[in-house]
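From first to last, the protein sequence lines are chains A and B.
Residue 0 is where the first sequence starts when you use numbering that gives the first Met the number 0, and the numbers rise one by one after that.
Residue 0 is where the second sequence starts when you use numbering that gives the first Met the number 0, and the numbers rise one by one after that.
Note that CB positions come from ideal geometry on N, CA and C, so glycine has one too.
Below is one structure, written out as structure tokens; comments come after it.
There are 2 protein chains.
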Amino acid sequence: MRLIYCCGVVLLLTLFSRVSHGGNILVFPIEGSHWVNMDVLLRALHSKGHNITIVRNSKSWYVKENSTYYHSITVPVERSLGEEMITDLISTMIDFERGALPVTSFFNMAVGMMGTFIEAHRIISEFASAMFDDQELLRKLKDSNFDLVLTDPCWGHGIILAKYLNLPLVYNVRWLIAGEAHFSLAPSPLSYIPITGTGNTDKMTFLQRVKNVMVYLIGQTQHHIMVSQTYQKLCEKYLGPNSDFNELSLSADLWLMRVDFVFEYPRPTMPNFVYMGGFQCTPAKPLPQHLEDFVQSSGEHGVILMSMGAFVSALPADMTNEIAAAFAKLPQKVIWRHKGDRPANLGNNTLLVDWMPQNDLLGHPKMKLFIAHGGTNGVQEALYHGIPVVGIPLFFDQYDNLMRLKDRGGAQILTIHSLDKDNNFLKAVEEVLNDPSYRMNMQRLSRLHRDQPMKPLDNALFWMEFVMRHKGAAHLRTESYRMPWYSYYSVDVGLFLFGVFLLVLTTVFILMRCLYRTVCKPKVKQE
Amino acid sequence: MRLIYCCGVVLLLTLFSRVSHGGNILVFPIEGSHWVNMDVLLRALHSKGHNITIVRNSKSWYVKENSTYYHSITVPVERSLGEEMITDLISTMIDFERGALPVTSFFNMAVGMMGTFIEAHRIISEFASAMFDDQELLRKLKDSNFDLVLTDPCWGHGIILAKYLNLPLVYNVRWLIAGEAHFSLAPSPLSYIPITGTGNTDKMTFLQRVKNVMVYLIGQTQHHIMVSQTYQKLCEKYLGPNSDFNELSLSADLWLMRVDFVFEYPRPTMPNFVYMGGFQCTPAKPLPQHLEDFVQSSGEHGVILMSMGAFVSALPADMTNEIAAAFAKLPQKVIWRHKGDRPANLGNNTLLVDWMPQNDLLGHPKMKLFIAHGGTNGVQEALYHGIPVVGIPLFFDQYDNLMRLKDRGGAQILTIHSLDKDNNFLKAVEEVLNDPSYRMNMQRLSRLHRDQPMKPLDNALFWMEFVMRHKGAAHLRTESYRMPWYSYYSVDVGLFLFGVFLLVLTTVFILMRCLYRTVCKPKVKQE
Numbered sequence: 000m001r002l003i004y005c006c007g008v009v010l011l012l013t014l015f016s017r018v019s020h021g022g023n024i025l026v027f028p029i030e031g032s033h034w035v036n037m038d039v040l041l042r043a044l045h046s047k048g049h050n051i052t053i054v055r056n057s058k059s060w061y062v063k064e065n066s067t068y069y070h071s072i073t074v075p076v077e078r079s080l081g082e083e084m085i086t087d088l089i090s091t092m093i094d095f096e097r098g099a100l101p102v103t104s105f106f107n108m109a110v111g112m113m114g115t116f117i118e119a120h121r122i123i124s125e126f127a128s129a130m131f132d133d134q135e136l137l138r139k140l141k142d143s144n145f146d147l148v149l150t151d152p153c154w155g156h157g158i159i160l161a162k163y164l165n166l167p168l169v170y171n172v173r174w175l176i177a178g179e180a181h182f183s184l185a186p187s188p189l190s191y192i193p194i195t196g197t198g199n200t201d202k203m204t205f206l207q208r209v210k211n212v213m214v215y216l217i218g219q220t221q222h223h224i225m226v227s228q229t230y231q232k233l234c235e236k237y238l239g240p241n242s243d244f245n246e247l248s249l250s251a252d253l254w255l256m257r258v259d260f261v262f263e264y265p266r267p268t269m270p271n272f273v274y275m276g277g278f279q280c281t282p283a284k285p286l287p288q289h290l291e292d293f294v295q296s297s298g299e300h301g302v303i304l305m306s307m308g309a310f311v312s313a314l315p316a317d318m319t320n321e322i323a324a325a326f327a328k329l330p331q332k333v334i335w336r337h338k339g340d341r342p343a344n345l346g347n348n349t350l351l352v353d354w355m356p357q358n359d360l361l362g363h364p365k366m367k368l369f370i371a372h373g374g375t376n377g378v379q380e381a382l383y384h385g386i387p388v389v390g391i392p393l394f395f396d397q398y399d400n401l402m403r404l405k406d407r408g409g410a411q412i413l414t415i416h417s418l419d420k421d422n423n424f425l426k427a428v429e430e431v432l433n434d435p436s437y438r439m440n441m442q443r444l445s446r447l448h449r450d451q452p453m454k455p456l457d458n459a460l461f462w463m464e465f466v467m468r469h470k471g472a473a474h475l476r477t478e479s480y481r482m483p484w485y486s487y488y489s490v491d492v493g494l495f496l497f498g499v500f501l502l503v504l505t506t507v508f509i510l511m512r513c514l515y516r517t518v519c520k521p522k523v524k525q526e
Numbered sequence: 000m001r002l003i004y005c006c007g008v009v010l011l012l013t014l015f016s017r018v019s020h021g022g023n024i025l026v027f028p029i030e031g032s033h034w035v036n037m038d039v040l041l042r043a044l045h046s047k048g049h050n051i052t053i054v055r056n057s058k059s060w061y062v063k064e065n066s067t068y069y070h071s072i073t074v075p076v077e078r079s080l081g082e083e084m085i086t087d088l089i090s091t092m093i094d095f096e097r098g099a100l101p102v103t104s105f106f107n108m109a110v111g112m113m114g115t116f117i118e119a120h121r122i123i124s125e126f127a128s129a130m131f132d133d134q135e136l137l138r139k140l141k142d143s144n145f146d147l148v149l150t151d152p153c154w155g156h157g158i159i160l161a162k163y164l165n166l167p168l169v170y171n172v173r174w175l176i177a178g179e180a181h182f183s184l185a186p187s188p189l190s191y192i193p194i195t196g197t198g199n200t201d202k203m204t205f206l207q208r209v210k211n212v213m214v215y216l217i218g219q220t221q222h223h224i225m226v227s228q229t230y231q232k233l234c235e236k237y238l239g240p241n242s243d244f245n246e247l248s249l250s251a252d253l254w255l256m257r258v259d260f261v262f263e264y265p266r267p268t269m270p271n272f273v274y275m276g277g278f279q280c281t282p283a284k285p286l287p288q289h290l291e292d293f294v295q296s297s298g299e300h301g302v303i304l305m306s307m308g309a310f311v312s313a314l315p316a317d318m319t320n321e322i323a324a325a326f327a328k329l330p331q332k333v334i335w336r337h338k339g340d341r342p343a344n345l346g347n348n349t350l351l352v353d354w355m356p357q358n359d360l361l362g363h364p365k366m367k368l369f370i371a372h373g374g375t376n377g378v379q380e381a382l383y384h385g386i387p388v389v390g391i392p393l394f395f396d397q398y399d400n401l402m403r404l405k406d407r408g409g410a411q412i413l414t415i416h417s418l419d420k421d422n423n424f425l426k427a428v429e430e431v432l433n434d435p436s437y438r439m440n441m442q443r444l445s446r447l448h449r450d451q452p453m454k455p456l457d458n459a460l461f462w463m464e465f466v467m468r469h470k471g472a473a474h475l476r477t478e479s480y481r482m483p484w485y486s487y488y489s490v491d492v493g494l495f496l497f498g499v500f501l502l503v504l505t506t507v508f509i510l511m512r513c514l515y516r517t518v519c520k521p522k523v524k525q526e
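Next comes the structure, spelled out in structure tokens:
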């Protein structure tokens, strides 16, 4: 039954791709916030006439089977990365951070989530195996004549399938298994490029540089363990014994990076990297009437928006109460995305919502402050609209994302550990609201971010179409990652030249000794 | 008199800049082919309403005093880099290469031209000193409120003046004193990035990598000698004893690179690099009637264009005769830019010209082959129009430029050394004319080059205006070059971590020995 369904879908889209003049794109998306931004790209590709096919698993949670703008191929799986897995992890992290020991985000990144990550990659591997064991599905994918594979390489299954189908590969990317994407491909000196998880900026003290190197080494170890446990095995099984997953993952034609150099510190990059940070941002559209009325009722004081991202619908009750109490003391109106129980001490100025049009609210003239967890999407939206931030990071890259705003004078950061102590929350919110420098700095960043020759989304679309027109982008891609490390770092050449130097030195020494003996010794004898 | 003149000019342009809405740009150009491409940028800036002031010396040879699109400030000098200096150098190089020993371009780059280079930088230093010693001129420059300094950092005087005036600095650049510009700023592994002067590609054998490292080391030594002999002294005299020229030269806000990644091999780059290769190329305009008639008379065979660049107006007579004889045997028509005596054996199919509209000829549908010396401008024009090349490199980067076309199957290279032996010239020309792969490869490169989201010139203009709007581009610029080398390469961190490792190892060893003594020794005693 599944086979017939798959055949039907594939036949349909093959026909469709022949009819349309657009490209034929195979997509391997990721769930959660990663889907939120992939979705923006896919809608834009669809509106330009491209035909989109998504491979999803049968327990997919964000990626729906039916859509008006993509076809889907569903691979049946036993288990999937469920919402529970993430929310459990978040609860653990919150408990962890509020415990006796105030652990840093470094510790979280390095140790706290390792087990969860390995488990997640295993679940993804099962999905990949189910797909690669289905010969009929693979044959149909081959026959569909896709023009490229678009994937988020945070999980590795799309990379392996692109190689299996011999198709150009495009990344919608920030992370590559266990490291930042540009760090993996471009030479990146650890002395001025902060590793995510350290909370460092691009100007580091000696001890910060020590931490940077250590976190890098831990990250590389994690990467090695995760890849060898999962994707390397898949590669050897389905692509042949000599295939190397790391090599494959670095061989993508185009890397659409979800950051820009207003958010990210300047650093080396490669010609096949396109920085599309903020591609999801658009000028604000009008708000629904009830929200507009609420916002307007704030008068001259303006509005505060609070959202802790896709996963954190409810914080622990005591923390929620602390936040509600602080909000009640403010003259501003507050819109708070909160799914848990209504705090008893909620002020009249605070509106709880399940969902809200975040981009349109951030772009509203009355918006004064964004209280956020620091996910890349939200931080880039704050940058685009020039709204100052109070950040409450939980895990992953959130602390480091917020650090980039704080370092430029646009944000304050609160840790879960100290949020409910000494009125810290209220103090931070009032500080950012009342000191105009935060807003001025974010407005300056916003001007820099918006001052680009092309909109980031248009640029990303151009380069995806470029890859389709030219069947890849080999001329923009180095293959230096295929060299053995001693060649890459010229260690062999260095040893060779040192050897030659020694040889020359020895020869000169011997010659001089001979010369001395033939010229001076006879004299001595004569004497 | 000179002072009054300068004051007048500066006053005029200060007024002018107040009236116009464009920016106010101070330019330090370079003579020869470097002026040819700077001129393209300046005309484009002028047409966008920007006010341009050029600092030239009184013996300037390419940069005229009067122009419809720029103002000029003339600094009186005793001597200048004259045409004779370059043509003498070329004659020497040709004699050199045709001598008994066939020397490679590596030798030319490394040793042959060192003396000329140092002398040239000294002449530039004299120009700079004359400018910095003129207090009145400096005061007027300060009062002119320029928005940025645009210079070609091949010579260093513009860099020092930008610092003196505290202005944002933009480079129209390929070379930085003695090295390729992106090599100087971006981390560039010598294992896959060919050093100009080696004739290497991005795929090197072991011995080619050895050569690459050696030429790099020689280049760095040359750079050090040239900078310390000239610009470092100027810096210390006019900017203060602690100023460092190398640091200054790497601190530019924007680097407009005169190459692109169709010509150049993929390599690491930096966020403040804009690749504008081919910015001077435009679709062909109609030819003057006499040229059009000549071109059309070629019928189905088409036309060959030969030009050896701005400096080489005449090759040695025997070589010229060899070339003329070869041309006479071809069915094509030939347009030959040649200023010397008319070769006696010139065929009826060959037209000698003093000057010709090179871009319009290369873009003509009847153009079949470009015989060129391999300067960057000409090579980028051949790429743009998709015309295959027979290259006769003389010095500098010319061999390496042509190598990039040859490596992609679009060119043949002849050395001066072997040009007039065994009919080599005729063979190479016929090979490229008759094998369609050369043209197909150049056409493919042309398609890649032209497939950009923006025209390179528009992109360059956008980023120059960006620097003016935001008073620089600090957020795109790392300051990593200010770190001491042991910090930049994390040598100090490595040693520290190794020390900690040794300490831990020693402690563990001592503890285990103590444990052994307290646990095992008593047993031995008991026994």
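Name the two residues that bound the continuous alpha helix (DSSP H) containing residue i.
i: B/V224; result: With the sequence shown as reference, residue 224 of chain B is identified as Ile, and Val is not the correct amino acid for it. Residues F205 to Q228.
i: B/V39; result: S32 to S46
i: B/R55; result: Unbroken run through B/R55 is the beta strand (DSSP E), N50 to N56; no alpha helix (DSSP H).
i: B/F293; result: Q288 to Q295
By the criterion of Cβ-Cβ separation under 8 Å, what are the contact partners of residue i in chain B?
i: A/P265; result: M269, P270, N271, H474, L475, R476 and T477
Could you check where the beta strand (DSSP E) with residue i kicks off and where it finishes?
i: B/H528; result: Given that chain B is displayed from residue 0 to residue 526, the structure contains no residue 528 of chain B and the question cannot be resolved.
i: A/A323; result: Run containing A/A323: none in the beta strand (DSSP E); it sits in the alpha helix (DSSP H), A316 to A327.
i: B/W254; result: L253 to M256
i: B/Q411; result: A410 to I412
i: A/F27; result: N23 to F27
For residue i, name the three-state secondary structure that DSSP assigns.
i: B/E263; result: coil
i: B/P101; result: Legend: pLDDT at B/P101 = 47, less than 50; position of this residue unreliable, value from coordinates given subsequently. B/P101 falls in the coil class under three-state DSSP.
i: B/S128; result: helix
i: B/D336; result: Per the sequence shown, the amino acid found at residue 336 of chain B is Arg instead of Asp. Residue state, collapsed to three classes: strand.
i: B/F394; result: coil
i: A/K367; result: strand
i: B/N376; result: helix
i: B/Y383; result: helix
i: A/T197; result: coil
i: B/I303; result: strand
i: B/T477; result: coil
Using alpha carbons as the reference points, say which of the options lies closest to residue i.
i: A/S250; options: A/M269, A/V258 and A/V35; result: A/M269
i: B/S417; options: B/H222, B/K426 and B/S79; result: B/K426
i: A/F495; options: B/I72, B/Q207 and B/V148; result: B/Q207
i: B/V54; options: B/S66, B/D317 and B/G48; result: B/S66
If the cut is a Cβ gap below 7 Å, which residues of chain C does residue i touch?
i: B/N458; result: Chain labels in this structure do not include chain C; the protein chains are A and B.
Starting from residue i, find everything on chain A with Cβ-Cβ shorter than 8 Å and list it in chain order.
i: B/R468; result: D450
i: B/L447; result: H469 and H474
Given that residue i touches chain A, what residues does it touch there, using C-beta distances under 9 Å?
i: B/D252; result: The premise fails here: B/D252 is roughly 11 Å from chain A at the closest Cβ pair, so nothing lies under 9 Å.
Name the one or two DSSP bridge partners that residue i has.
i: B/W354; result: For B/W354, which the question treats as bridged, DSSP gives no partner whatsoever.
i: A/F272; result: A/W254
Report the neighbours of residue i on chain A: residues whose CB is nearer than 7 Å to its CB, in chain order.
i: B/A323; result: Within 7 Å Cβ-Cβ: nothing; B/A323 doesn't reach chain A, min ~38 Å.
i: B/L494; result: The contacting residues do not exist; B/L494 stays about 11 Å from chain A at best.
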